[in-house]
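For what it's worth, the numbering used here labels the leading residue of the sequence shown as 852, then goes sequentially.
Where a beta carbon is used, it is the ideal one built from N, C-alpha and C, also for glycine.
Just so we're clear, the structure is a prediction, and the values are computed from it rather than from any experiment.
Just below is one structure, and these are the notes that go with it.
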Amino acid sequence: MGLSIKELSMFDLNYLDCSKSQYVSYLKHKGFPVEALYYSCLDTSDEIYEQIINQKKSRWIYDELGFQHEDWTLIGVRKRNVYAESLDSLRHGINRLTEEGKVVFVSVEVFHVPHRHLTYQKEKSPHSLMINGIAPDGEIYILDETAPVFSHFKYPLSLLEQCYQEGTGFRYITFFEEMEKCPIKDIQQEANRLFNRHLDRFDDTHILHKYLLQFLVTQGDIDFINTLKQLSAAYTLQSGSREMFSKFLTFINMDKAVVEKAITSSEMANQIRNSLNKAILRGKLKSEMLTKKVLELICIEQDLVSQLKARR
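Quick look at the structure:
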């Protein structure tokens, strides 16, 4: 079996999509310094606005700058994809990998998976599952998120084959190969270099926050509930971005004051998100309170970036 544990904790709840969240949670459990991979997770609110509000993307298909195929080597692993028309044809390879202690990731349509169907009841639900082994009876052990952890399930191969065939069209499995270990100090230095390059290009005009401020004034002029849902998704990403960024800063030994500023930013964005979610349920906004929080978040963000640039 890949992982012989009762539960696997989720390392990233609110930033990455399901597959990448699974990758980093698994690799963190295996002892890899996944924090280094977040060197570019300080996203601008402008980019979040563009994708979530303007392009109307789901937060699960948000395109972050980092976590490209070549990035994984930074922490000492290679990401491997194996393509095949059927999951059954990969069964022996999957069994070998899980017997070596690895987890195999597969993108599928999960509408027919019982525990997902009960929760979401939504067709065309592309998702990633973690294959943790093959049982003696041929059924498949999987791990899937039941936030804030990944829990164990067991399903027939025939069910997962159906999900694989009905997936997004990209029929492949993913696994990670370990490379020669690199000293943590070297990883920290390279992650810091990559971050400084990202910071050089960082320019946030706070379009997302200005959009929300304007919405608080003219909220009757547009689709109220759907706009609130988009804003909630945007501030989920804003909060998740800063939460994971604080972990990155801790990894590269950034000053504690800067780490705390990133945490404060994440917490304020989360408060805004929670207020938006309450407004969805109530059908009305507490505009004055939200305006104060948004203006405060802008100040926090400006201070954070100023402190980062001053400490280079």
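First through last residue of the alpha helix (DSSP H) which encompasses residue i
i     : result
N1121 : K1107 to R1133
S1138 : S1138 to A1161
M1095 : F1075 to F1102
C-beta contact flag for residue i and residue j at 7 Å
i     : j     : result
L1045 : Y934  : no
S1116 : I1073 : no
D1055 : D1154 : no
G828  : L1008 : The chain is shown only over 852 to 1163; residue 828 falls outside these bounds and no answer can be derived.
K1032 : G882  : no
Y874  : L938  : no
Opening and closing residue of the beta strand (DSSP E) in which residue i lies
i     : result
T997  : I991 to T997
F1026 : Y1023 to E1029
Y934  : V928 to Y934
CA-to-CA distance, residue j to residue i, given in whole angstroms
i     : j     : result
T949  : V961  : 22 Å
K1107 : H1060 : 26 Å
H858  : F1027 : In the sequence as displayed, the identity of residue 858 is Glu instead of His. Approximately 20 Å between the Cα atoms of the pair.
Q906  : P987  : 47 Å
S1097 : E1111 : 7 Å
A1042 : F956  : 26 Å
Integer-rounded CB distance, given that residue j should sit under 8 Å from residue i
i     : j     : result
A1113 : L1100 : 6 Å
E915  : C892  : 7 Å
V964  : Y1006 : 7 Å
E936  : R1022 : 6 Å
C869  : S1002 : Contact flag wrong, Cβ pair sits at about 14 Å.
R1082 : L1136 : A small correction: the amino acid at residue 1082 is Leu; Arg does not occupy that position in the sequence shown. Not confirmed; about 10 Å, so no contact.
S1090 : V1000 : 20 Å between Cβ atoms; not a contact.
Cut-off 7 Å between Cβ atoms - residues of its own chain near residue i, not counting five sequence neighbours on either side
i     : result
F1004 : H966, I993 and D995
N946  : I985
L1159 : L1050 and V1109
L941  : V933, A935 and I1024
Cβ neighbours of residue i in the same chain (closer than 6 Å, five flanking residues each side left out)
i     : result
S1126 : L1141
K953  : G853 and F1026
Contact test: residue i Cβ vs the ligand NAD heavy atom, cutoff 6 Å
i    : result
G853 : For the ligand NAD, the structure offers nothing, since it holds no ligand at all.
Proximal residues to residue i (C-beta, below 8 Å), its chain only, five neighbours per side dropped
i     : result
E1088 : The amino acid at residue 1088 is misidentified as Glu; the sequence shows Leu. Hits under 8 Å: N865, Y866, D894, I899, I903, R910 and Y913.
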